[in-house]
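Residue numbers (UniProt numbering): 1 to 342.
Beta carbons: idealized from backbone N, C-alpha and C, even for Gly.
For reference, the structure is listed below as structure tokens.
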């Protein structure tokens, strides 16, 4: 990007030709790329990253290949969980590895992840936490994943261990933090005049954390995009971007959960003091027999220990209660207290 001439140069990787595009206003939405772990053997055949349609198509073909029997998924976040579930449903033997002590540990607290970990095991996913991978074993194609304790036979490895911002090309031009995330002000403007930034590669303003943090969610990117367009084209001056709560939802086989705002992990990362409360009860009144029509619902709330202002929450059940995430998000955004919810 030539910020003086207001020109962006694009290289066509097919023919190596350069093309220049002038701009009056520039919106950066460079996104993120999956982390390729620095593990010996990560260049072996059948070691895949979850990176876009092309990679997903190749993985889908492997799931349909009868010679592929053992699949190891590295990373037990959202993408890793979905990859493990798809692999089980394709009839494969699945091992799910993560370096931290529980699956989905950055999204949910232990009370919730204990339920989901047992459910994954019940669905024939071998969950291995605290796993430190030493090597992907094989001469041409991968045959195993060696950890510090055991080697797991693997005909296919799916790496889903986090992302990094696609911002190397912006260094020296756009103000980035030490991990490469784009910094913006309250109008989503960068340090360069007439250049905005939105989406996964930016540090979004988190309302409950009162801080700018990475929140790689499509809902956040969409909200930021709408704001910037309004800021550029509305005649009246735009109000500052109000920030986001950071809400998401996922189905894990028979379970559904939604989470909004902070949890114990993200609160620690943002140096926010919280207190939590966990509750389990039936979806409907106690006089309705327990079962499919009256399943157990688990609820966890995170709040300021002094003011009781709600800072985060999660709801989990075999019943699809994910719409409750909207209630949590609105309550967090408007700084309601736990007593207000009651």
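Can you tell me whether residue i is helix, strand or coil according to DSSP?
| i | result |
| --- | --- |
| residue 119 | helix |
| residue 190 | coil |
| residue 279 | strand |
| residue 236 | coil |
| residue 76 | coil |
| residue 220 | helix |
| residue 211 | strand |
| residue 231 | helix |
| residue 149 | coil |
| residue 18 | strand |
| residue 274 | coil |
| residue 264 | helix |
| residue 124 | coil |
| residue 246 | coil |
| residue 327 | helix |
| residue 204 | strand |
| residue 87 | helix |
| residue 225 | helix |
| residue 63 | helix |
| residue 56 | helix |
| residue 133 | strand |
| residue 68 | coil |
| residue 110 | helix |
| residue 170 | helix |
| residue 316 | strand |
| residue 175 | coil |
| residue 332 | helix |
| residue 99 | coil |
| residue 81 | helix |
| residue 12 | strand |
| residue 338 | helix |
By Cβ distance below 7 Å, which residues in the same chain neighbour residue i in space, the five residues on each side in sequence not counted?
| i | result |
| --- | --- |
| residue 290 | 282 |
| residue 338 | 301, 303, 308, 310 |
| residue 49 | 34, 36, 55, 159 |
| residue 364 | Examination of residue 364 is not possible in this model, given that the chain is present from 1 through 342 alone. |
| residue 225 | 198 |
| residue 148 | 132, 134 |
| residue 22 | 6, 7 |
Apart from the five residues on each side of it in sequence, which residues of its chain come closer than 6 Å, Cβ to Cβ, to residue i?
| i | result |
| --- | --- |
| residue 154 | 70, 72, 142, 144, 145 |
| residue 261 | 208, 245, 311, 312, 332 |
| residue 195 | 26 |
| residue 212 | 203, 205 |
| residue 94 | 71, 84, 87, 88, 125 |
| residue 156 | 46, 62, 68, 71 |
| residue 138 | 44 |
| residue 120 | 127 |
| residue 92 | 71 |
| residue 322 | 249, 256, 258 |
List the whole-angstrom C-beta distance separating residue i from residue j, where the pair is believed to meet the contact cut-off of C-beta under 8 Å.
| i | j | result |
| --- | --- | --- |
| residue 163 | residue 35 | 6 Å |
| residue 127 | residue 111 | Going by Cβ atoms, the distance from residue 127 to residue 111 rounds to 17 Å, so no, they are not a contact pair. |
| residue 279 | residue 231 | Not a contact, Cβ separation roughly 41 Å. |
| residue 130 | residue 265 | The Cβ separation is near 16 Å, so there is no contact. |
| residue 250 | residue 78 | 6 Å |
| residue 298 | residue 115 | 7 Å |
| residue 324 | residue 258 | 6 Å |
If we define contact as Cβ-Cβ less than 8 Å, is residue i a contact residue for chain C?
| i | result |
| --- | --- |
| residue 291 | Considering every chain present, this structure includes no chain C. It has just one protein chain. |
From residue i to residue j, what does the alpha carbon distance come to, in whole angstroms?
| i | j | result |
| --- | --- | --- |
| residue 51 | residue 33 | 7 Å |
| residue 217 | residue 202 | 11 Å |
| residue 123 | residue 39 | 29 Å |
| residue 241 | residue 199 | 13 Å |
| residue 82 | residue 58 | 16 Å |
| residue 12 | residue 180 | 24 Å |
| residue 317 | residue 223 | 28 Å |
| residue 271 | residue 214 | 15 Å |
| residue 90 | residue 64 | 7 Å |
| residue 227 | residue 239 | 9 Å |
| residue 171 | residue 221 | 22 Å |
| residue 351 | residue 167 | Shown here, the chain extends from 1 to 342; a query on residue 351 therefore has no answer. |
| residue 97 | residue 15 | 40 Å |
| residue 152 | residue 41 | 14 Å |
| residue 193 | residue 243 | 21 Å |
| residue 328 | residue 269 | 21 Å |
| residue 336 | residue 107 | 22 Å |
| residue 314 | residue 113 | 11 Å |
Nearer than 7 Å: is that true of the beta carbon of residue i relative to any heavy atom of the ligand ADP?
| i | result |
| --- | --- |
| residue 168 | Judged by which ligands are present, the structure shown has none, so any question about the ligand ADP falls away. |
Please list, in chain order, all residues of the same chain as residue i whose beta carbon is under 8 Å from its beta carbon, the five residues on each side excluded.
| i | result |
| --- | --- |
| residue 140 | 44, 45 |
| residue 190 | 28, 174, 175, 182, 183, 184, 196, 197 |
| residue 18 | 9, 10, 11, 12 |
Would the region 99-113 and the region 6-24 be scored as touching if the rule is three or more Cβ pairs under 8 Å? Contact fails: fewer than three Cβ-Cβ distances are below 8 Å.
Cβ contact (3+ pairs, closer than 8 Å) linking the region 298-305 and the region 271-278: Yes, since at least three Cβ pairs between the region 298-305 and the region 271-278 fall closer than 8 Å, the two stretches touch.
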